[in-house]
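**Q** Note that the protein sequences, when read in sequence, are chains A and B.
Using this note's numbering, read the first sequence as starting at 1 and increasing by one per residue.
Using this note's numbering, read the second sequence as starting at 1 and increasing by one per residue.
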Amino acid sequence: MEDSATHSAPLIIARGLTKQFGELKAVDGVDLDIAPNECVGFLGPNGAGKTTLMRLVFSAIAKTAGELTVFGLTPMEQRKQINAHIGVVFQDNNLDEELNAAECLLVHALYCGLDHRTARRRIAALLDWLSLTAKADSRIRALSGGMVRRLMIARALLNSPKLLILDEPTTGLDPQVRHAIWAALRDLKRQGMTILLTTHYMDEAQQLSDRVLIMDRGRIILSGPPNDLVEAHLERYVLQVSGVPTVPPLDGGIRHEHAGDADYFYAAAEQPLQALHERLAAKYAILRHANLEDVFLKFTGRGFNE
Amino acid sequence: MSSSPANGLSELHQPIRLRTSLFWSLYGVWYRHFRVYTKTFLANATPPLLEPLFFFTAVAIGLGNYVQPGGFEGLSYRTFVASGLVISSAMFTAIFETTFGTFVRLVFQKTYDAMLGTHLRVSEIFVGEMLFAATKGAVFSTVVLLVTMAFGARPNVWCVLVPVVGMLTSYLFASIGLIVTSYVKMINNFSFFTTGVITPLFFFSGTFFPIKGHYVWLDVVSNVLPLTHPIEISRALFEAHFTPATLAHVAALTAYIVVCHVLALRRMTQRVLS
Ligand SMILES: Nc1ncnc2c1ncn2[C@@H]1O[C@H](COP(=O)(O)OP(=O)(O)O)[C@@H](O)[C@H]1O
Ligand SMILES: [Mg+2]
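1) What span of residues does the alpha helix (DSSP H) with F55 (chain B) cover, start to end?
2) Return the residues of the region 109-129 of chain B that lie within a Cβ-Cβ distance of less than 7 Å from chain A, sorted by chain order.
3) With a threshold of 8 Å between beta carbons, is S182 (chain B) in contact with chain A?
4) Can we count K19 (chain A) as close to ligand 2, meaning its CB is less than 7 Å from some heavy atom?
5) Within the same chain, show all residues whose beta-carbon is closer than 6 Å to that of V262 (chain B), passing over the 5 residues directly before and after it, in chain order.
6) Between the C-alpha atoms of F56 (chain B) and I153 (chain A), what's the straight-line distance to the nearest angstrom?
7) Beta carbon of A174 (chain B): closer than 7 Å to some heavy atom of ligand 1?
8) Could you tell me whether the Cβ of W158 (chain B) comes closer than 8 Å to any Cβ of chain A?
9) Going by DSSP, which residues form a beta bridge with M215 (chain A)?
10) Have a look at R267 (chain B) and G49 (chain A) and give me their C-alpha separation to the nearest angstrom.
11) Taking the Cβ atom as the reference point for each residue, do L43 (chain A) and V230 (chain A) lie within a distance shorter than 8 Å?
12) Short check: CB of P45 (chain A) to CB of T300 (chain A), under 8 Å?
13) Is it the case that the CB of T171 (chain A) approaches a heavy atom of ligand 1 more closely than 7 Å?
14) Quick one: using the 10 Å Cβ neighbour count with 16 as the cut-off for buried, is A184 (chain A) buried or exposed?
15) Taking 7 Å as the line, does the beta carbon of D216 (chain A) fall inside it for any heavy atom of ligand 2?
16) Could you spell out where the beta strand (DSSP E) holding G19 (chain A) opens and where it closes?
17) Hey, does T231 (chain A) have any beta-carbon neighbour from chain B nearer than 8 Å?
18) Need the endpoints of the alpha helix (DSSP H) that Q207 (chain A) sits in, please.
19) Does V286 (chain B) have its Cβ less than 8 Å from a Cβ in chain A?
20) In the DSSP output, which residue or residues are listed as bridge partners for F265 (chain A)?
21) Do you know offhand how far P272 (chain A)'s Cα is from E278 (chain A)'s?
22) Would you verify that the beta carbon of D3 (chain A) is, or is not, closer than 8 Å to some beta carbon of chain B?
23) Do the region 219-229 of chain B and the region 43-62 of chain B meet, that is, are 3 or more Cβ pairs less than 8 Å apart?
24) Does D128 (chain A) come out as helix, strand or coil in the three-state DSSP assignment?
25) Would L197 (chain A) and G41 (chain A) be called neighbours here (beta carbons separated by less than 8 Å)?
26) Name, going along the chain, the residues of the region 158-191 of chain A whose beta-carbon falls closer than 7 Å to a beta-carbon of chain B.
27) Check the Cβ of G49 (chain A) against every Cβ in chain B and list those closer than 9 Å, keeping chain order.
28) Enumerate in chain order the residues of its own chain whose CB-to-CB distance from R271 (chain B) is below 6 Å, with the five nearest sequence positions on each side excluded.
29) Leaving aside the five residues before and after W30 (chain B) along the sequence, list all residues of the same chain whose C-beta is less than 7 Å from its C-beta, in chain order.
30) Taking 7 Å as the cut-off, does the CB of E204 (chain A) come closer than this to any heavy atom belonging to ligand 2?
31) Please specify which runs of the alpha helix (DSSP H), each continuous and at least 4 residues long, are wholly inside the region 135-164 of chain A, giving them in chain order.
32) Per DSSP, which residues does H261 (chain B) bridge with? Please list them.
33) Could you have a look at D219 (chain B) and say whether DSSP puts it in helix, strand or coil?
34) Can you look up F296 (chain A) in the DSSP assignment and give me helix, strand or coil?
35) DSSP on N65 (chain B), reduced to helix/strand/coil?
36) Indicate, with yes or no, if ligand 2 has a heavy atom lying under 7 Å from the CB of K50 (chain A).
Printed below as a string of structure tokens:
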């Protein structure tokens, strides 16, 4: 994977990749090509199979069927060679709570195979880059959620990975912290890191990903650059209203969706929606550009589908 | 946060040499347990060290006054009990480490997930863990040996080898603990194992009285129990009395370790990679 001949070959290839837990197909016939230096966002509701797919990539579970290669190697059989070049930020924080920040990183650096001196050097650099130097001696319990998450990112970078896997990196964090983490991840992207990102935040996927894959019930149901997806699958504008008892007959060119107490009207132009807006006596109404969230909801359904 | 993106970060992208040897992997895992354990060393080590000393005071010193003068097998009663307690303390620390300890790491702290995100093999992860338990066993049996000597146990000079037996005992019981843990779904299931298996093991492996020569069935049972063998070896060291039976105990302990080590790794691989 070092030589230039194979440089543009996909880093990850999956064909019909399937993982079954008993009867449940958590990952169901996934086809995937991840190019080097690509940042790919996996979007999907809870239980869609995002984490399971990531776990297949770093050999934490064996596939049930299909093909998977990572760096041209076979997961499980060659997990040592593969994982030496992967960094993982897990969905659940799993730093050693008894230790302080620097100790947590040191312990992980040793797992990765760094010697003590290299480990200390990289830990200092990573803590500095993520503005955590002042917290080096703090117990994990004493750190805020955002700091712990940044520490998880630092930990995943200790071995200088070629591929970074981020499983819901900013779930549950406040907006400031999320933006700071995105900035850090964009730094990494600029440096040429290949990134797999799972999230159920559309803005996160849109901000960071060259390409998003929308997953539902173990399948990839849609894939493409975030803006292309919106253009390809939705009208340009949407009027979102709630509390409208009856919907009047609609002009041609307006598409209507109903979910819960909300109604969505889509159209290619703004004008007919503007007119509709005035006709409807809605408690709440907003006329806006259609976005990735609308695409997501269109394809995964607007009800609860867990 | 990304005030100095270019320089600081490109430094981080320098290729580094990773040591992926078996030795370094085991060391990494061992070091993690060592750091976490010693972080709260007093809280961790005090109760399990006090326990054998309570037994020693109550049984060897207290009850010992009523035991036949001259003790057993050529050892004073205090020395006899000490030779068992140095080993049972190693058993307890190892069992605790890989039942409750491993379960908490597996289910609640997700420590092994973090390890599995690296190049570490499952076998390396758990051998490293058993080696840490073995280290604790060596330390515990040494401490119990020294303290019981301070309270009147009089072992032969061969007892300098007791920490080695303690270490092997801990490795064995760490692997037994892992086998049990691989089946356990809820943490309170362990109480069946500790009261149903470990407690009888403690009482019927010859710590407090010689098992041999009372009933044939008891001889047979005690020779099947894994704790009997290291205790007999320890006792041989304490009295510097080596017989063919001692060799048989060494062979039995070795066989137990090999079999349980293999089973533990097989079971934990199944449990962790699913
Ligand atoms: N180890 C497991 N055993 C049984 N079922 C599992 C296991 N891991 C995940 N699942 C199930 O597989 C499905 C996908 O889970 P997951 O990959 O975690 O989804 P996501 O990360 O998209 O929320 C869920 O229904 C989940 O309950
Ligand atoms: Mg998940």
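Each residue gets a CB set at the ideal place from its N, CA and C atoms; glycine is no exception.
All of these numbers come straight from a predicted model, not from anything done at the bench.
**A** The relevant details are as follows:
1) Within the second sequence, residue 55 (chain B) is the residue found at index 55, counting from 1. Note, F55 (chain B): alpha helix (DSSP H), 41-55.
2) Q109, K110, T111, D113, A114, M115, L116, G117, T118, H119, L120, R121
3) In the second sequence, residue 182 (chain B) corresponds to position 182, counting from 1. For S182 (chain B), the answer is no, since every Cβ of chain A falls outside 8 Å of its Cβ.
4) Position 19 of the first sequence, counted from the start, is the residue given in the question as residue 19 (chain A). K19 (chain A): no, Cβ never under 7 Å from ligand 2.
5) Here the question's residue 262 (chain B) lines up with position 262 in the second sequence. Correct list: empty, nothing qualifies.
6) For the purposes of this step, residue 56 (chain B) is taken as the residue at position 56 of the second sequence. For the purposes of this step, residue 153 (chain A) is taken as the residue at position 153 of the first sequence. So the two alpha carbons sit approximately 50 Å from each other.
7) Residue numbering aside, residue 174 (chain B) sits at position 174 when the second sequence is read from its first letter. The answer is no for A174 (chain B).
8) As a position in the second sequence, residue 158 (chain B) is number 158, starting the count at 1. Output row for W158 (chain B): interface = no.
9) Translated into the one-based positions of the first sequence, residue 215 (chain A) becomes position 215. Answer is A:I220.
10) Within the second sequence, residue 267 (chain B) is the residue found at index 267, counting from 1. Within the first sequence, residue 49 (chain A) is the residue found at index 49, counting from 1. Computed Cα separation, rounded: 26 Å.
11) Locating residue 43 (chain A) in the first sequence gives position 43, where the first residue counts as 1. Locating residue 230 (chain A) in the first sequence gives position 230, where the first residue counts as 1. Against a cut-off of 8 Å, the Cβ pair of V230 (chain A) and L43 (chain A) comes out as no contact.
12) Here residue 45 (chain A) refers to the residue found at position 45 of the first sequence. Here residue 300 (chain A) refers to the residue found at position 300 of the first sequence. Yes, the pair counts as a contact, with Cβ atoms nearer than the cut-off.
13) In the first sequence, residue 171 (chain A) corresponds to position 171, counting from 1. For ligand 1, not one heavy atom lies less than 7 Å from the Cβ of T171 (chain A).
14) Translated into positions along the first sequence, residue 184 (chain A) becomes position 184. A184 (chain A) is buried by the Cβ-count criterion.
15) Within the first sequence, residue 216 (chain A) is the residue found at index 216, counting from 1. The answer is no for D216 (chain A).
16) As a position in the first sequence, residue 19 (chain A) is number 19, starting the count at 1. For clarity, residue 19 (chain A) is Lys in the given sequence; the question names Gly instead. 12-21 is the span of the beta strand (DSSP E), which, as asked, contains K19 (chain A).
17) Position 231 of the first sequence holds residue 231 (chain A). The displayed chain sequence assigns Glu, not Thr, to residue 231 (chain A). No, E231 (chain A) does not count as interfacial toward chain B.
18) If you number the first sequence from 1, residue 207 (chain A) lands on position 207. Residues 202-208.
19) Beyond the ends of chain B as shown, which are 1 and 274, falls residue 286 (chain B); an answer cannot be given.
20) In the first sequence, the residue the question calls residue 265 (chain A) occupies position 265. Beta-bridge pairing links F265 (chain A) to A:L239, A:H256.
21) Working through the first sequence from its first residue, we reach residue 272 (chain A) at position 272. Working through the first sequence from its first residue, we reach residue 278 (chain A) at position 278. Going by the C-alpha atoms only, they are around 10 Å apart.
22) Looking up residue 3 (chain A) in the first sequence gives position 3. Any reading at D3 (chain A) is ruled out, since the residue's pLDDT is 46, under 50, leaving its predicted position unreliable.
23) no
24) Counting from 1 along the first sequence, the entry for residue 128 (chain A) is found at position 128. Three-state DSSP puts D128 (chain A) in a helix.
25) The count along the first sequence starts at 1 and reaches residue 197 (chain A) at position 197. The count along the first sequence starts at 1 and reaches residue 41 (chain A) at position 41. Yes, they are a contact pair.
26) N159, S160, A180, A183, A184, D187, Q191
27) Within the first sequence, numbered from 1, the residue matching residue 49 (chain A) stands at position 49. The contacting residues do not exist; G49 (chain A) stays about 16 Å from chain B at best.
28) Numbered from its first residue, the second sequence carries residue 271 (chain B) at position 271. So the qualifying residues of the chain are S182.
29) For the purposes of this step, residue 30 (chain B) is identified with residue 30 of the second sequence, where counting begins at 1. Within the same chain, W30 (chain B) has close Cβ partners G128, L131, F132.
30) Position 204 of the first sequence, counting from 1, holds the residue named residue 204 (chain A). Checking the Cβ of E204 (chain A) against ligand 2 gives no.
31) 145-156
32) Within the second sequence, the letter at position 261 stands for residue 261 (chain B). According to DSSP, which records beta bridges pairwise, H261 (chain B) is partnered with nothing at all.
33) Here residue 219 (chain B) refers to the residue found at position 219 of the second sequence. Reduced to three states, the DSSP call for D219 (chain B) is helix.
34) The sequence position of residue 296 (chain A) within the first sequence is 296, counting from 1. It is helical.
35) Numbered from 1 along the second sequence, position 65 holds the residue referred to as residue 65 (chain B). Reduced to three states, the DSSP call for N65 (chain B) is helix.
36) Working through the first sequence from its first residue, we reach residue 50 (chain A) at position 50. Yes.
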